[in-house]
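Visitor: Below: one structure in structure tokens.
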Amino acid sequence: MLRVTQTKNALLDGATIAEDLYTTPKDCEEGFESLELPGKNPKKLSPRSTFLRAGVLTTVRGSAYMEYGNTKVMAIVAPPHELMRATARRMNMGVINCFVNFAAFATGELESVPEREKHLGSMLSKALEPVVCRTEFLNFQLDIRVLILDDDGCLLSTAINCCGVALVECGISTYDLVTASTACIYRDNVFLNPTAKEEELLRKHRGGHALAGSENSSSTTTGAPQEHGLITTASMDTFDQLAQCQQCGYLSPGTYVKLLDYTLAINKSLRQIIRRVLTARIKEQHELDVREKAESALEDQRLAEIIERLGRQGLDEFIQSTIKEDPFVKR
């Protein structure tokens, strides 16, 4: 449901469109009924339609752009630089700073943008710290900037994947390729790669709106609480390690392990996509290097011929041989 509100913010000044999908228990019920229910045990453990490109910006050393369904993210990585004197302190590992910014058209909830930017930046830093070889740049800091162009769910996992590709493009030493994915459960239905609509439904569930008036409301008040939650997992498959695992909502241990296995399976598929993209990028860069070397060799050969002619003919004769008459000038 869309409603127009008058807001004062740093992004826009005036009337803006604010998205509040579920405001009443009836809206929650109608929103859930409009979803395509995948079932309790989904069999297709595959990522969304994905577009990934490394080196999209020529003005920086490391950059990447990723589209994960309708979610669009761009990441920029700058080379490490020394800590400022005001904040410098002796450390045995480098510092990673992640800065997230939403485009003005990325989301309709402009009031919550500053809080979400701060939260996503903190989660990104925690996910990338185990991946980067921070022992190689002591007393230095690495700045990673992420621009959110569109948000249609799986925002944190998409940003982690995009930042991992940008780190490799920048030449930063990493222990492994990092991949991340998201899964959630609501009313015994497991949603892989949830959309913004499904995530909003879970958020309202945590606020207590979705339980009111539902079919299972009587059972939740008398028995165990209904399982509902979201899990985002970032993993390094080579070492079988988790870089980050974030959970919100209520999940039993069995459900938690099941969602974790689903996300790890999706991460393996994403890893193959990222490997192909990086391999194609390396081949493209190699072809450019070979072409530049060939052009440089031709220039060196041409310069050597000119020097040889100059030494054989002399300066005056060489200048006269290089001067050509204008064919349009009458003699």
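The sequence shown begins at 123 in the numbering used here and counts up by one.
Virtual Cβ for every residue (Gly too), placed ideally from N, Cα, C.
If you're wondering where the values come from, they're calculated on a predicted model, not measured in any experiment.
If the criterion is Cβ atoms closer than 8 Å, does the pair leucine 498 and leucine 277 meet it?
Guide: Given that the chain is displayed from residue 123 to residue 453, the structure contains no residue 498 and the question cannot be resolved.
Visitor: Could you check the C-alpha separation between leucine 352 and glutamate 204 for me, to the nearest Å?
Guide: Those two C-alpha atoms are separated by around 38 Å.
Visitor: Looking at C-alpha atoms only, which residue of Lys240, Glu189, Glu291 and Ala318 is the closest neighbour of valine 199?
Guide: Nearest of Lys240, Glu189, Glu291 and Ala318 to valine 199, Cα basis: Glu291.
Visitor: For asparagine 163, which beta-bridge partners are listed by DSSP?
Guide: According to DSSP, which records beta bridges pairwise, asparagine 163 is partnered with nothing at all.
Visitor: Across which residues does DSSP place aspartate 272 in a beta bridge pair?
Guide: For aspartate 272, which the question treats as bridged, DSSP gives the partners Lys194.
Visitor: From the DSSP output, in three-state form, read off alanine 281 for me.
Guide: Reduced to three states, the DSSP call for alanine 281 is helix.
Visitor: Please confirm whether isoleucine 218 and leucine 269 have their CB atoms less than 8 Å apart.
Guide: It is not a contact, given that the beta carbons lie outside the stated cut-off.
Visitor: Along the alpha helix (DSSP H) that carries alanine 419, what are the first and last residues, could you check?
Guide: Taken as a continuous stretch (DSSP letters only), the alpha helix (DSSP H) holding alanine 419 covers 375-435.
Visitor: Opposite threonine 360 in the DSSP bridges: which residues?
Guide: According to DSSP, threonine 360 bridges with nothing at all.
Visitor: What residue range is occupied by the uninterrupted beta strand (DSSP E) comprising valine 235?
Guide: Premise fails: valine 235 lies in the alpha helix (DSSP H), 235-250, not in any beta strand (DSSP E).
Visitor: Rounded to the nearest angstrom, what separates threonine 257 and alanine 402 at their Cα positions?
Guide: Those two C-alpha atoms are separated by around 29 Å.
Visitor: When the Cα atoms are used, what is the spatial distance from valine 254 to arginine 398?
Guide: About 21 Å.
Visitor: Tell me whether glutamine 442 sits in a helix, a strand or coil according to DSSP, three-state version.
Guide: Here glutamine 442 sits in helix by DSSP.
Visitor: Can you tell me whether glutamate 322 is helix, strand or coil according to DSSP?
Guide: Note: glutamate 322 maps to helix in three-state DSSP.
Visitor: Tell me which same chain residues have a C-beta within less than 6 Å of the C-beta of valine 182, skipping the five on either side of it?
Guide: Ile198, listed in sequence order.
Visitor: Mapping the DSSP letters down to three states, classify glycine 87 as helix, strand or coil.
Guide: No answer is possible for residue 87: it lies beyond the span of the chain, which begins at 123 and ends at 453.
Visitor: In whole angstroms, what separates the C-alpha of methionine 196 from that of asparagine 311?
Guide: So the alpha carbons of these two residues sit roughly 31 Å apart.
Visitor: Quick test of the definition: if touching needs 3 or more C-beta pairs under 8 Å, does the region 167-184 touch the region 387-395?
Guide: Enough Cβ pairs lie closer than 8 Å, so yes.
Visitor: Secondary structure at threonine 181, three-state DSSP: helix, strand or coil?
Guide: Three-state result, threonine 181: coil.
Visitor: Is it true that the CB of isoleucine 282 sits closer than 8 Å to the CB of leucine 246?
Guide: Result yes, Cβ atoms of leucine 246 and isoleucine 282 sit closer than 8 Å.
Visitor: Nearest CA to the CA of threonine 385: which residue from Leu410, Leu425, Ile307 and Ile428?
Guide: Nearest option by C-alpha distance: Ile307.
Visitor: Less than 8 Å between the CB atoms is what I'm expecting for serine 279 and threonine 354, so what's the real figure, rounded?
Guide: 5 Å between Cβ atoms; contact.
Visitor: Rounded to whole angstroms, what is the Cα-Cα separation between methionine 188 and valine 235?
Guide: Rounded to whole angstroms, methionine 188 to valine 235 spans 21 Å at the Cα level.
Visitor: Can you tell me whether threonine 342 is buried or exposed, with buried defined as 16 or more other CB within 10 angstroms of its CB?
Guide: Residue placement at threonine 342 cannot be trusted, given a pLDDT of 43 that sits under 50; what the coordinates show is reported in the next sentence. Per the 10 Å Cβ criterion, exposed.
Visitor: With distance defined between alpha-carbon atoms, name the residue in Glu321, Thr304 and Arg309 nearest to asparagine 315.
Guide: Measuring from the Cα of asparagine 315, the nearest candidate turns out to be Thr304.
Visitor: Buried or exposed: glutamate 439, going by 16 or more other Cβ atoms within 10 Å of its Cβ?
Guide: Exposed: under 16 other Cβ atoms inside 10 Å.
Visitor: Grab the span of the beta strand (DSSP E) containing tyrosine 308 for me, first residue to last.
Guide: Its beta strand (DSSP E) spans residues 301-308.
Visitor: What residues are listed by DSSP as bridge partners for leucine 314?
Guide: Answer is Ala305.
Visitor: Does the beta-carbon distance from threonine 360 to aspartate 272 come in below 8 Å?
Guide: Going by C-beta atoms, threonine 360 is not nearer than 8 Å to aspartate 272.
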